[in-house]
Each structure stands twice: as structure tokens, then as C-alpha cells.
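Numbering (the working numbering), first residue to last: 233 to 615.
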């Protein structure tokens, strides 16, 4: 089984925290669409032995494309790949783009899951992030989707905002629960290099919250969502049973995926591929030349480290028996020793040869993963 990601890079404006590849020149949309449909046909051999179970429209702002155009993209994918019955097809939506007419037309497509970029439930937080929508519009958009028959709805939230109080965060969590939706993704604000927020932080105009405050917000969030029936199945993701993001789970479970569009990444189990993050170059793709894509052959170390990084993030954890079977007894023993040291520090827990992050471990997951990477573990075992 495999997934297909379609990157639609267009935005009316750029959010201050965003470091994804986006463009605001909507005049390029028609040329981009032609290039995109051509690339789909160009890549059909990449998943020739796999059935596609998920399609994900991300961006950018995919909702700047009409539902009719989105369906044409799905049709093109169907023409070139084998799709399972009832695939999960997700679109990221900006609440500001949702109108009754748009939702009605979207329901007529094969898209059956929506992810709303709500981010916050206070207008001044939205303004701080340079989001286009207002809180009322976000609430209204969820109701419109439900009324039209969408029953697999996810929203995005951001915590760790400068000056966000605990009262504001607690009310945000309750408003999310009150929406009676199926999935929530919640990300801690990061100050990515080159973003507006990064520049404001470096100039002293924004002050990030302390690690202690961020950890309290994280703990409060996990408690609140779990108490209200959500399963914390990945570091930043909460879903009702049976409503996890199948597309994202495929990433974390090392399944192959194909990325279409500028800056999109692909993976076939042995290699990683990525498209050029440049729409001007991308729209010039033609049959004679495929110079928009680069590739990297993954080493055993790369594959092991990827398993550690993704496994730690999920509630499926790291399976010691799998490591022994795939990478050998020596590495399995070395990683077990390292994991047990994190068990003693209460950052990891163990059950039946599987290891999972605790709450304390989740908050420093990147640091723990780095300690478990193959090159570090092997060096430690020698010492």
C-alpha cells in the first residue's frame, strides 16, 4: 500500500510561522495545473507494484483550487495508478475559503476527509500569525462541512504562542472538543529560519514561552483530549478510534509514498526523492527532461535512524524484535541498553520488548532520538 501527496503551493498571503514552499502569484495556477497533471503521468512507474490507499492535498492552500479542478487531479491519479476501493482522500482547507457553494461542490468530489487550518480560537492570536480567517469563520466552516455530510474532519491548532495564557489555552482545548470533530493536530510553534516569526524573535519583538510553560500546555492538552475520547497516537496528533490520519500513519510506518508538485518528497523504501522548490522551474517540466527531481540512496544507517525517529513519535513505539530481525543482534543489544537508560530516567517506558515515550520523553523526543541513532549507539557501545 502507498500514499500520494499533492503539493499545491499557492497562498493569498504567507503566515508568519510558515516555512513550507509557497507562492502568492495566483496567475501561475493554470500553468502549474498543466505541469502537475503531466508529472502524475510521468511518475506512474514509481508505484507500479503498490496500490494507492491515500491521497493528500497539502500546501500552500489547496482550497484556492476549485473542487472541479481538484477532482480532475484525482481523475488523473486514477488514470495512472491503481487505487483501492474507498481510499482516504484529504484536503487541507483554509476556513476563509469555505462557502456553502464551495462545500457543496467539494462533497460532489471523491474527497472524504478535510483538515482545517484553524490554529487558534482568539482573533488576536490569528492576527499575530497573519492568518486570513477570524474565529467566527472557523466555527462556521466546521458547521458547513458537517451540514453537507463530511464526517471525517480534522483541525490544526498551534500552542506555545507568545503571551498565550493558560486560561486561553484551556478554553481553546474545550472549544476544539465542543466542535465534535474526529481528529486534532496540535503543534508547538517553532521559529523556522527565514520566517517572519524568526526575524521578530531575533529582533527581540517576540519572546517564546519558557520550556516549563510549554510543557504545561502540552500536558494540559494531552490530558484534556484523552479525557474527551481522543487517542494520542502520535506526538502531535489525536484521533477518535478509527479516525487516525491514514496518510500520515503511512509515513510513520515506513510505507512508500509519492510526492507530486514543487518541493514534494517521495520514498520507495530504498531511495528518497524531492522536487525542486521553484514553481518557475516546475512548470517547465516536459517529456524531454525531468530535471525537477533529485534523489538520495538511503543507507542502512539512514533507514534505521528513520525507524527510530518515526517509531518514537507514535503510540506503536519501537519494537526491539523488529530491530533484531532487520538489523541484527549486536545493534539490538546496544539499542536496548540505551533505551533502558531512558527507562530509568522516566523518559521511556517498556512493555513486551516495545518501547514508548513517556510524557516527559515526548517533550524532548528529538533529543532522545538523536541519542538512539545508529552511529551514536554504536559509538557508545564501543566506549
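Note that the Cβ used here is the ideal one computed from N, Cα and C, for glycine as well.
Item, Value
"In the DSSP assignment, find the unbroken beta strand (DSSP E) run with residue 239 in it and report its ends.", "234-240"
"Please work out which residues of its chain come closer than 7 Å, Cβ to Cβ, to residue 436, disregarding the five sequence neighbours upstream and downstream, and give them in chain order.", "none"
"Using three-state DSSP, classify residue 401 as helix, strand or coil.", "helix"
"Among the residues of its own chain, which have a CB less than 7 Å from the CB of residue 279, if the five just before and after it don't count?", "234, 313, 488, 490"
"One question on the structure: do residue 439 and residue 394 come within less than 9 Å of each other, judged by their Cβ atoms?", "yes"
"Classify residue 396: buried if its beta carbon has 16 or more other beta carbons within 10 angstroms, exposed otherwise.", "buried"
"Terminal residues of the continuous alpha helix (DSSP H) containing residue 442?", "Neither: residue 442 is in no alpha helix (DSSP H) and is coded neither H nor E."
"Hey, residue 390 and residue 354 are a contact pair by Cβ (cut 8 Å); roughly how many whole angstroms apart?", "Actually they do not touch by this definition, with Cβ atoms about 11 Å apart."
"Among residues of its own chain, excluding the 5 on either side of residue 515, which ones have a beta-carbon nearer than 8 Å to its beta-carbon?", "260, 263, 264, 266, 267"
"Need the endpoints of the alpha helix (DSSP H) that residue 372 sits in, please.", "367-379"
"Along the chain, where does the beta strand (DSSP E) that runs through residue 595 open and close?", "Careful: residue 595 lies outside any beta strand (DSSP E) and carries neither H nor E."
"Give a yes or no on contact between the stretch 441-454 and the stretch 496-508, applying the rule of three or more CB pairs nearer than 8 Å.", "no"
"Less than 9 Å separating the beta-carbons of residue 308 and residue 272?", "yes"
"Specify, as a first and last residue, the run of the beta strand (DSSP E) that residue 583 falls within.", "580-583"
"Would you kindly work out how many angstroms separate the C-alpha atoms of residue 576 and residue 532, rounded to a whole number?", "29 Å"
"Starting from the Cα of residue 452, find the closest Cα among 346, 319, 392, 339 and give me that residue.", "392"
"Compute the Euclidean distance between the alpha carbons of residue 291 and residue 370, then round it to the nearest angstrom.", "18 Å"
"So the beta strand (DSSP E) residue 391 belongs to, where does it begin and stop?", "385-391"
"Grab the span of the beta strand (DSSP E) containing residue 293 for me, first residue to last.", "Premise fails: residue 293 is in no beta strand (DSSP E) and is neither H nor E."
"Assuming residue 414 is part of the beta strand (DSSP E), what are its boundary residues?", "Careful: residue 414 lies outside any beta strand (DSSP E) and carries neither H nor E."
"Can you check whether the CB of residue 605 is closer than 9 Å to the CB of residue 593?", "no"
"Out of 449, 582, 534, point me to the one whose CA is closest to residue 403's CA.", "449"
"Residue range of the alpha helix (DSSP H) that residue 350 falls in?", "Element bounds for residue 350: not the alpha helix (DSSP H) but the beta strand (DSSP E), 345-351."
"For the alpha helix (DSSP H) that contains residue 506, what are its first and last residues?", "No alpha helix (DSSP H) contains residue 506, which is instead part of the beta strand (DSSP E) from 503-507."
"Please classify residue 562 as buried or exposed, where buried requires at least 16 other C-beta atoms within 10 Å of its C-beta.", "exposed"
"Taking contact to mean 3 or more Cβ pairs, one atom from each stretch, closer than 8 Å, check whether the stretch 584-601 and the stretch 542-552 are in contact.", "yes"
"Could you check if residue 572 is buried or exposed, using at least 16 other CB atoms within 10 Å of its CB as the buried criterion?", "exposed"
"Counting only runs that start and end within the stretch 508-562, where is the beta strand (DSSP E) found for 3 or more residues in a row?", "525-529"
"Just to confirm the assignment: which complete alpha helix (DSSP H) runs, minimum length 4, are found wholly within the stretch 261-286?", "261-274"
"Quick check on residue 254: does DSSP put it in helix, strand or coil?", "coil"
"At the level of alpha carbons, what is the spacing between residue 511 and residue 558?", "40 Å"
"Who are residue 324's beta bridge partners in DSSP?", "347"
"Using DSSP bridges, identify the partner residues of residue 470.", "416, 464"
"Under a three-way DSSP split, which group does residue 319 fall into?", "strand"
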